[in-house]
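Trainee: Next up is a structure, given as structure tokens.
Numbering (full-length UniProt numbering), first residue to last: 1 to 1058.
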């Protein structure tokens, strides 16, 4: 806070709830002498535990009043009579008065609310050092803002003894100036008043007011105002509902006791039980001055009895089933008797009149039917809402429609601006069937031959056609759809943005983190993962950040992890791991098909999954995939009912992480480390003839971020081989995943090369020669059946990983991304205020052991598949539909036709994959594909190639498989760096050394002196001068033009010399 137009008061205060917990204010007051050697007087709140607290009593009162309001609501809900209108009305009035008083406290319009400053000023012991004796520090609330009053005081009695209030005997400084020329202090509203301050009579010498807006108080004020407005609406509605009850006389027949047991008072200090004057919604006097009150009441009593008798007759006739035939005997559709008599004898009371006008306003708005309101009601309507617009034409048309005419009348224009009637006989219309017009349906289409034949057969047999099966033909869907193969090749979840499930992920983590301070969690997370943006977590920083590509510091398998590190692990790593693993699992499910996943679910004990390095995030993602598939298999399955999840195992080395993961995962086993199956014998040996021990085998193994932390290449290969041995040899799937940067891709590509070279059998490569084996044993090792499921659609050498190991200067690498919504705890850690989503980038590979679809289903990969994909499969389904219709006419079965129409050896694993975001230009789309032949090519799909292919290309995204072909294709140049090349640091160092060498030899100076480069005079910017942007662009343009002229002149000179 700071004083206006000056800085005589400057500083800050920190409010937490009703207490000021921190404050530091600097004063530069002419009437307050600062300490010796200091230009200002410092007021600092004491941090001592024994110091009294600085409490805002207005906020304490607001809190108590809000609690009283809640007590009123509780009493009305649980202990009162909800059917007693008087009771509810009284409780609403009590609630309204409580809210009003709370608003008055926040407004702080009077000293009774703010408190008298000479009684409620802050104590000296609240500050360190203590307050000066002649200074009053009074902090209050006014208009939802913190207001600080500082007053310097002086004694009202003359004295010549130096005291706290008589320091003006000094002959030095500004006090002498005041004696000679008078005070320089500005006048204030308390000048001349005498106050009692700590037993002495004092005057206010100087008064300073400083105000600081408090957004939280403004929000509280707005909420209280809204609540007060709603309560007033409820009170008004209840008045209308209570009818002729005198609510003002009955509202205080019972005591309205405060929830805390003391009499309630309003903001003005008067008890609320006093009778207030009645206030109407308008100033119109009741229209009953011309009729005796007793006679009017008698008339309305008769009207009430008539209406009661009619209701009883209606109920009896309804029981006897006579109401439909003799409803005219009752006045159900006739005019209301209250309205008919109100214009003559007046309304029942003022509330009835207001209710009638409000009903008309709500029903018709600004336009009223003629005669709907009588004169008294119309006068009140005009005073409340303004002059209404009277409708007459619509009433005349309605009256004409109500006339009972046996013949139907049609009207047509007479050519002179009017209408003439045309007689139409009813019999002509009765012969025609009713016509229903569907505004959403398209134009009528001609019936097909099959439909005409069906209608003829139905007429001959005397039957009818059930048109439900032709509903799609009658109402065609005009919404754009993608080609079925485009949909099948999509690489994305549904929806494309992952929303972390609340029941299984975000809520359990939030509950775990709620036991710890948010700031403590954020500090540990920032310190562990490299800073506020967490560059060493699952987040991949952009290249411009120039962050080193390091592995994630925390691993699930590490033995020692503190409680706060475990909190940082689940808070910062779980969301990104869950998202990336879920994306890869969905892609594996799409490529292997429904029968693979349902086969795992239908196993006796369900699928077995191992989360090798995700700490449980992989199991959570897998269970969501299982749940989605189970809901598809069993549509009637309740959402909260259990589903078969199988057996889950998670590797967690520390007790802290294991305890947190166990709270989120049920029926899960936890291992402290992975079993070593690489160095365990697979068969009996000469030293040990016993059968080898039984190994654990898993159907799914998820190992995210487990390779980059292993520095040695041979140890990485050993780790991958160990995971391969843990797989079920009858179709187990292994998923390896790393961060989406160069080193992460190289780790995944190295694992892929090792799997293809040593473990996975391919045509032409069924054996592996192990040169480390002894000459006695066979060094030729037979590979196992297996395949790469995703993302590669080839089993060739990776085109982006031609040289094993790390390459310097790599720009192109294979990676993908998946967007997810950050949970609230991650938003707090990052300090994010606006963007709540993140695109997690990752490189991955999914392989399958023991099953090769290239052999079982005849999947073709290689140059042949690339050529077929370039030609496209756009006509695949259209050909199948045409052959199916032809076979139906010939009497063939649909299964046979579908099998014949399907091309041989077609599978999505024979399609190229988009490895970079598509470049969608005007009229064409450019793709960068990794083809089934193991090449990186650039394909172009223009509008002229195919309308369907172009439309689907505009909807394609990074990571999709493409099945609709292209018009042109060229090889794409790759920047994959060199293992022995220069990195960025080496390149910059080399350039700097070269410049330094040139500078030493003096070549730069000679080139500058002998250069014939034209000099363009550009005025230098002076200090403090602002050059507009257009001037900067003009200067740059001059330089470019001069460079072009010089280059052209040099070329012409060289040609002349030649």
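Heads up, the beta-carbon is just placed ideally off N, CA and C, and yes, glycines get one too.
On the premise that residue 792 lies in contact with residue 915, defined as a C-beta separation below 8 angstroms, what is that separation, rounded to the nearest angstrom?
Mentor: Here residue 915 refers to the residue found at position 915 of the chain shown. Here residue 792 refers to the residue found at position 792 of the chain shown. Not really, about 10 angstroms apart at Cβ, beyond 8 angstroms.
Trainee: Whole angstroms is fine: what's the gap from residue 839's alpha carbon to residue 563's?
Mentor: Along the chain shown, read from residue 1 onward, the residue named residue 839 stands at position 839. Along the chain shown, read from residue 1 onward, the residue named residue 563 stands at position 563. Cα to Cα, the separation comes out at about 28 angstroms.
Trainee: With three or more beta-carbon pairs closer than 8 angstroms as the criterion, would you say the region 550-561 touches the region 808-827?
Mentor: With a cut-off of 8 angstroms, the region 808-827 and the region 550-561 do not count as touching, because too few Cβ pairs lie within range.
Trainee: Does residue 487 pass the burial test, meaning 16 or more other C-beta atoms within 10 Å, or should it be called exposed?
Mentor: Here residue 487 refers to the residue found at position 487 when the chain shown is read from its first residue. By the 10 Å Cβ count, residue 487 comes out exposed.
Trainee: Within the same chain, show all residues whose beta-carbon is closer than 7 angstroms to that of residue 829, passing over the 5 residues directly before and after it, in chain order.
Mentor: Here residue 829 corresponds to residue number 829 of the chain shown, with the count starting at 1. 521, 522, 525, 571, 572, listed in sequence order.
Trainee: Going by DSSP, what residue range makes up the beta strand (DSSP E) through residue 138?
Mentor: The residue given as residue 138 occupies position 138 in the chain shown. Residues 135-142.
Trainee: Pairing CB atoms from the region 976-985 with CB atoms from the region 925-945, are three or more of them under 8 angstroms?
Mentor: No, the region 976-985 is not in contact with the region 925-945.
Trainee: Would you mind stating whether residue 131 and residue 43 have Cβ atoms separated by less than 9 angstroms?
Mentor: Working through the chain shown from its first residue, we reach residue 131 at position 131. Working through the chain shown from its first residue, we reach residue 43 at position 43. Yes; because the gap between Cβ atoms is below 9 angstroms, this pair is in contact.
Trainee: Does the beta-carbon distance from residue 972 to residue 936 come in below 9 angstroms?
Mentor: To locate residue 972, count along the chain shown from 1; it is residue 972. To locate residue 936, count along the chain shown from 1; it is residue 936. In contact: residue 972 and residue 936 (Cβ atoms closer than 9 angstroms).
Trainee: Output the distance between the C-alpha atoms of residue 1027 and residue 534, rounded to the nearest integer angstrom.
Mentor: Residue mapping note: residue 1027 aligns to position 1027 of the chain shown, counting from 1. Residue mapping note: residue 534 aligns to position 534 of the chain shown, counting from 1. Going by the C-alpha atoms only, they are around 39 angstroms apart.
Trainee: By Cβ distance, which residues of its chain are closer than 7 angstroms to residue 1040, with the 5 residues on each side in sequence left out?
Mentor: Locating residue 1040 in the chain shown gives position 1040, where the first residue counts as 1. Excluding residues within five positions, none has a Cβ falling inside 7 angstroms.
Trainee: Select from 713, 1047, 618 the residue whose C-alpha is nearest the C-alpha of residue 505.
Mentor: As a first step, residue 505 is located in the chain shown; it is residue number 505 there, counting from the start. It is 618 whose Cα lies nearest to the Cα of residue 505.
Trainee: For the candidate residues 868, 195, 817, whose alpha-carbon lies nearest to that of residue 912?
Mentor: Locating residue 912 in the chain shown gives position 912, where the first residue counts as 1. The candidate whose alpha carbon is nearest that of residue 912 is 868.
Trainee: Only counting the same chain, and skipping five residues up and downstream in sequence, which positions put a Cβ closer than 6 angstroms to that of residue 734?
Mentor: The residue given as residue 734 occupies position 734 in the chain shown. Closer than 6 angstroms at the Cβ level, and outside the excluded window around residue 734, lie 701, 723, 727, 847.
Trainee: Rounded to whole angstroms, what's the CA-CA distance from residue 1064 to residue 99? Just pull it up for me.
Mentor: Only positions 1 to 1058 of the chain appear in this structure, which leaves residue 1064 out of reach.
Trainee: With a cut-off of 8 angstroms on the beta carbons, I'd call residue 751 and residue 612 a contact; round off their distance for me.
Mentor: Position 751 of the chain shown, counting from 1, holds the residue named residue 751. Position 612 of the chain shown, counting from 1, holds the residue named residue 612. The pair is not a contact, with the Cβ atoms about 13 angstroms apart (cut-off 8 angstroms).
Trainee: If you reduce the DSSP assignment to three classes, tell me which class residue 590 lands in.
Mentor: Position 590 of the chain shown, counted from the first residue, corresponds to residue 590. DSSP places residue 590 in helix when its eight states are reduced to three.
Trainee: Hey, would you say residue 790 sits closer than 9 angstroms to residue 954, going by beta carbons?
Mentor: Position 790 of the chain shown holds residue 790. Position 954 of the chain shown holds residue 954. Taking 9 angstroms as the Cβ cut-off, residue 790 and residue 954 do not qualify as a contacting pair.
Trainee: Residues bridged to residue 27 by DSSP?
Mentor: As a position in the chain shown, residue 27 is number 27, starting the count at 1. BP columns for residue 27 point to 9, 41.
Trainee: State the start and end residues of the unbroken alpha helix (DSSP H) segment that holds residue 769.
Mentor: Indexing the chain shown from 1 puts residue 769 at position 769. Segment 767-769 is the beta strand (DSSP E) holding residue 769; no alpha helix (DSSP H) there.
Trainee: Out of 320, 314, 337, 313, which has the shortest C-alpha to C-alpha gap to residue 302?
Mentor: Position 302 of the chain shown, counted from the first residue, corresponds to residue 302. It is 337.
Trainee: Output yes or no for whether 9 angstroms exceeds the beta carbon distance between residue 816 and residue 540.
Mentor: As a working note, residue 816 is residue 816 in the chain shown. As a working note, residue 540 is residue 540 in the chain shown. No.
Trainee: To which residues does DSSP link residue 504 through a beta bridge?
Mentor: As a working mapping, residue 504 is identified with position 504 in the chain shown. BP columns for residue 504 are empty, so no partner.
Trainee: Give the list of continuous beta strand (DSSP E) stretches no shorter than 3 residues that lie fully inside the region 786-840.
Mentor: As far as the region 786-840 is concerned, its whole beta strand (DSSP E) runs of at least 3 residues are 816-821.
Trainee: Between residue 543 and chain D, is there a C-beta pair that is closer than 9 angstroms?
Mentor: Included in the structure is just one protein chain, with no chain D present.
Trainee: From what residue to what residue does the beta strand (DSSP E) around residue 149 run?
Mentor: Along the chain shown, read from residue 1 onward, the residue named residue 149 stands at position 149. Note, residue 149: beta strand (DSSP E), 145-155.
Trainee: Could you tell me whether the region 43-56 touches the region 64-76, using the rule of 3 or more Cβ pairs below 8 angstroms?
Mentor: The answer is no - the region 64-76 does not touch the region 43-56, with fewer than three Cβ pairs under 8 angstroms.
Trainee: Starting from residue 195 and walking both ways along the beta strand (DSSP E), at which residues does that stretch end?
Mentor: Numbered from its first residue, the chain shown carries residue 195 at position 195. 194-197 is the span of the beta strand (DSSP E), which, as asked, contains residue 195.
Trainee: Quick one: residues in its chain with C-beta nearer than 8 angstroms to the C-beta of residue 469, no 5 flanking neighbours on either side, listed in chain order?
Mentor: Here residue 469 refers to the residue found at position 469 of the chain shown. Only weak support is given to the placement of residue 469: the predicted model assigns it a pLDDT of 40, under 50, and the value that follows is read from those uncertain coordinates. Excluding sequence neighbours, residue 469 sits near nothing in its chain.
Trainee: Does the beta-carbon distance from residue 850 to residue 934 come in below 9 angstroms?
Mentor: The residue given as residue 850 occupies position 850 in the chain shown. The residue given as residue 934 occupies position 934 in the chain shown. In this structure, residue 934 does not lie closer than 9 angstroms to residue 850 by Cβ.
Trainee: What is the C-beta distance between residue 657 and residue 569, in whole angstroms, given that I count them as a contact (C-beta under 8 angstroms)?
Mentor: Numbered from its first residue, the chain shown carries residue 657 at position 657. Numbered from its first residue, the chain shown carries residue 569 at position 569. That belief holds up - the Cβ atoms of residue 657 and residue 569 are roughly 6 angstroms apart, short of 8 angstroms.
Trainee: Give me the Cβ distance between residue 653 and residue 672, rounded to the nearest whole Å; I'm assuming they're in contact under 8 angstroms.
Mentor: Along the chain shown, read from residue 1 onward, the residue named residue 653 stands at position 653. Along the chain shown, read from residue 1 onward, the residue named residue 672 stands at position 672. The Cβ separation is near 5 angstroms, so the contact holds.
Trainee: In angstroms, rounded to a whole number, what distance separates the CA positions of residue 782 and residue 761?
Mentor: On the chain shown, position 782 is the one that residue 782 refers to. On the chain shown, position 761 is the one that residue 761 refers to. Approximately 8 angstroms between the Cα atoms of the pair.
Trainee: Residue 826 to residue 561, Cα distance in whole Å?
Mentor: Working through the chain shown from its first residue, we reach residue 826 at position 826. Working through the chain shown from its first residue, we reach residue 561 at position 561. Those two C-alpha atoms are separated by around 20 angstroms.
Trainee: Mapping the DSSP letters down to three states, classify residue 72 as helix, strand or coil.
Mentor: Stepping through the chain shown from its first residue, residue 72 is reached at position 72. Looking at residue 72 - three-state DSSP - the assignment turns out to be helix.
Trainee: By DSSP's criteria, residue 213 is part of a beta bridge. Which residues make up the other side?
Mentor: Sequence index remark: in the chain shown, residue 213 carries index 213 (1-based). The partner list for residue 213 (beta bridge, DSSP) reads 145.
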